[in-house]
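Asker:
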Amino acid sequence: MKKNINISSAEYSAVLQEFYEYFETGYKFEEFLKLYLEKIGLDEVAVTQRSRDGGIDLTAVRNGIGDLGGQDFITYCIQAKKYKPSNTINIKDVRELAYVANRNKAMGIFITTAKFSKSTKEEFEGKQVTPIILIDGKTLVDSCIDNELGFVYKYIFTGLVRCGCCGSLMTCETKVKDDKHSYNYLKCNKLRSKCSQKPLNEAKILKQLENELCLPFAISDDMLKNIKAEVKKRLKEENINTANLKRDITIKLHDLDEQIKTLFRGYIQGKCDEKMYNELKTEIELEKEKLQEDMDRYLEIDTETDEILANIAEVAANVGKFLKSPIISQKRDILKLILSDCKTDGKNLCFSIVKPFDKLLKTPEINKWCEILCNYRTNFYDDFIKLNQNLRCFI
Ligand SMILES: [Zn+2]
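Residue numbers (the working numbering): 1138 to 1532.
#1: Under a three-way DSSP split, which group does S1244 fall into?
#2: How many whole angstroms separate the CB atoms of N1525 and I1445, which I take to be in contact at a CB cut-off of 8 Å?
#3: Between the alpha carbons of M1138 and Y1173, how many angstroms are there, rounded?
#4: Can you check which of these residues, E1310, K1324, D1315, Y1320, is closest to C1300 by C-alpha distance?
#5: Could you tell me whether any non-hydrogen atom of ligand 1 is closer than 6 Å to the CB of Q1345?
#6: Distance check for S1305 and K1221, CA to CA, integer angstroms please.
#7: With DSSP collapsed to three states, give me the class of K1140.
#8: Ends of the alpha helix (DSSP H) at V1198?
#9: Indicate, with yes or no, if ligand 1 has a heavy atom lying under 6 Å from the CB of C1487.
#10: Tell me, to the nearest whole angstrom, how far the beta carbon of R1514 is from that of F1521; I am working on the premise that it is less than 8 Å.
#11: For A1380, name the three-state secondary structure that DSSP assigns.
#12: Check whether the segment 1456–1472 touches the segment 1357–1369, counting contact only when three or more Cβ pairs, one atom from each stretch, lie closer than 8 Å.
#13: Should V1278 and L1153 be called a contact, given that it needs their Cβ atoms to be closer than 7 Å?
#14: On a CA-only basis, which of A1340, S1280, R1434, K1291 is nearest A1250? Give me that one, please.
#15: Who are the near neighbours of E1155 in its chain, counting only those whose CB is closer than 6 Å to its CB and skipping five residues on each side?
#16: Distance, Cα to Cα, T1311 vs Y1320?
#17: So is the beta-carbon of C1309 under 6 Å away from any non-hydrogen atom of ligand 1?
#18: If you check the beta carbons only, do L1498 and F1488 fall under 7 Å apart?
#19: Could you tell me whether any non-hydrogen atom of ligand 1 is closer than 6 Å to the CB of K1327?
#20: Could you pull out every unbroken alpha helix (DSSP H) segment of at least 4 residues lying fully inside the segment 1205–1260, listed in chain order?
#21: Can you list, in chain order, the residues of its chain whose CB lies under 6 Å from that of T1225, leaving out five sequence neighbours each side?
#22: If we count the other Cβ atoms within 10 Å of its Cβ and call it buried at 16 or more, is L1163 buried or exposed?
#23: Got a sec, what are the start and stop residues for the alpha helix (DSSP H) L1446 sits in?
#24: If you draw a straight line from the C-alpha of L1234 to the C-alpha of K1165, how long is it?
#25: Across the segment 1383–1399 and the segment 1492–1510, are there enough close Cβ pairs to call them in contact, namely three or more that are closer than 8 Å?
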């Protein structure tokens, strides 16, 4: 279904360019296409091996419907080309795909971030026995918007920023200067007489965030791997300790139960009066309660948490990447995840960073990340569990 999001052609070009730049390699583009093709309803989508003949990059099928005995089953050969949006695909490449598709009795789909020439479209669209589906950059972006793949939000900051002057939620709008120039801005809707906050340019505050968040979080893949390995190792050690502590608590709890029994016997035998009995009993019960609380905490922590900590490290290390993603919802999700109390401060954004990202951001010594992560889990267990739920859109 068409979402009918109004995007000017200038915005289109910008989005398409960002989209193209986002995929570092052709392979990354193909991985994205796998998600895309699944989303639009194809089955068994697979990125093929490099050596596959005819340069087919992905394959897919569409399973037949109902009880038609699979006669409407379709195989697809998909060719992907991550070229500059301004480039035009050579008609020979499309002909080659058509040849391979025909040979495999398959339907061909050619997907690119670039364009097709008019003659290519005329030759292939709907005119062959086996037509080739041509998806150019613009169609792809359109289709992603329609299928809510990454482009659900037009604005990154909707609902995320408060006015530093009056406290209202800032709204987002687009200013179209002409067909080639337009920009998004954040605006406070309070009357001018009541609030003096001027509109903020979205691109400028994104730049501010990039400077303040992307650079400090940029760590290499190797470093990330080390952190994850270290976290795993440490949690293993901790689990052993926890098991020992739990055993100790169980023994202590048992002792305390015995003490209560002894006390009761003493009371029955008249060794102490009722007041004393009650006082001593309350004391022991309080101690028991405290131990039980510790026990409950250990029981909670003792679940599979190394994976969660690794995920936090993974997301932290990729904050910059998410923030630069052409997929608006991804930019939005990462900001929603790591920022709190986001408000305007003149022309800038003033914000706090949620735990444990705040500490990770301030700690360039990567070898300390492991400790920060483990302490976060131990000392802010409820936050930790909540954060884990919010991490799901990134993992
Ligand atoms: Zn205001």
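No residue lacks a Cβ here, since even glycine has one placed at the ideal position from N, Cα and C.
Answerer: On the basis of the supplied data:
#1: What you label residue 1244 is simply residue 107 of the sequence shown in a count that begins at 1. At residue 1244 the sequence reads Met, which differs from the Ser that was named. Here M1244 sits in strand by DSSP.
#2: As a first step, residue 1525 must be located in the sequence shown, where it is residue number 388. As a first step, residue 1445 must be located in the sequence shown, where it is residue number 308. That belief holds up - the Cβ atoms of N1525 and I1445 are roughly 5 Å apart, short of 8 Å.
#3: Counting from one through the sequence shown, the residue named residue 1138 turns up at place 1. Counting from one through the sequence shown, the residue named residue 1173 turns up at place 36. For M1138, the predicted structure reports a pLDDT of 42, less than 50, and the residue's modelled location is therefore unreliable. The matter cannot be settled from this model.
#4: What you label residue 1300 is simply residue 163 of the sequence shown in a count that begins at 1. Comparing Cα positions, the closest option is K1324.
#5: The sequence position of residue 1345 within the sequence shown is 208, counting from 1. Because no heavy atom of ligand 1 lies under 6 Å away, the Cβ of Q1345 does not count as near it: no.
#6: On the sequence shown, residue 1221 is found 84 positions in, with the first residue counted as 1. On the sequence shown, residue 1305 is found 168 positions in, with the first residue counted as 1. Using only the alpha carbons, I get a separation of about 42 Å.
#7: Locating residue 1140 in the sequence shown gives position 3, where the first residue counts as 1. With a pLDDT of only 47 at K1140, under 50, the local geometry of the prediction cannot be trusted, and no value is derived from it.
#8: On the sequence shown, position 61 is the one that residue 1198 refers to. First-last for V1198: 1195–1199, but that is the beta strand (DSSP E), not the alpha helix (DSSP H).
#9: Here residue 1487 refers to the residue found at position 350 of the sequence shown. Not so, every heavy atom of ligand 1 lies at least 6 Å from the Cβ.
#10: As a first step, residue 1514 is located in the sequence shown; it is residue number 377 there, counting from the start. As a first step, residue 1521 is located in the sequence shown; it is residue number 384 there, counting from the start. Confirmed, about 5 Å.
#11: Here residue 1380 refers to the residue found at position 243 when the sequence shown is read from its first residue. DSSP places A1380 in helix when its eight states are reduced to three.
#12: no
#13: Taking the sequence shown and counting its residues from 1, one reaches residue 1278 at position 141. Taking the sequence shown and counting its residues from 1, one reaches residue 1153 at position 16. Taking 7 Å as the Cβ cut-off, V1278 and L1153 qualify as a contacting pair.
#14: Numbered from 1 along the sequence shown, position 113 holds the residue referred to as residue 1250. Per the sequence shown, the amino acid found at residue 1250 is Thr instead of Ala. Comparing Cα positions, the closest option is S1280.
#15: Here the question's residue 1155 lines up with position 18 in the sequence shown. Counting only Cβ-Cβ distances below 6 Å, and skipping sequence neighbours, we find P1463.
#16: Numbered from 1 along the sequence shown, position 174 holds the residue referred to as residue 1311. Numbered from 1 along the sequence shown, position 183 holds the residue referred to as residue 1320. Straight-line Cα distance between these residues: approximately 6 Å.
#17: Position 172 of the sequence shown, counted from the first residue, corresponds to residue 1309. Result no, Cβ not under 6 Å from ligand 1.
#18: Walking along the sequence shown from the start, residue 1498 turns up at place 361. Walking along the sequence shown from the start, residue 1488 turns up at place 351. Their beta carbons are not under 7 Å apart, which means L1498 does not touch F1488 by this criterion.
#19: Against the sequence shown, residue 1327 aligns to sequence position 190. Under cutoff, so the answer is yes.
#20: 1228–1240
#21: The residue given as residue 1225 occupies position 88 in the sequence shown. Excluding residues within five positions, the ones whose Cβ falls inside 6 Å are K1252, S1254.
#22: Residue numbering aside, residue 1163 sits at position 26 when the sequence shown is read from its first letter. Checking the displayed sequence, the identity of residue 1163 turns out to be Gly instead of Leu. Per the 10 Å Cβ criterion, exposed.
#23: The residue given as residue 1446 occupies position 309 in the sequence shown. Element bounds for L1446: 1443–1454.
#24: In the sequence shown, residue 1234 corresponds to position 97, counting from 1. In the sequence shown, residue 1165 corresponds to position 28, counting from 1. Each residue's Cα considered, the two are about 21 Å apart.
#25: no
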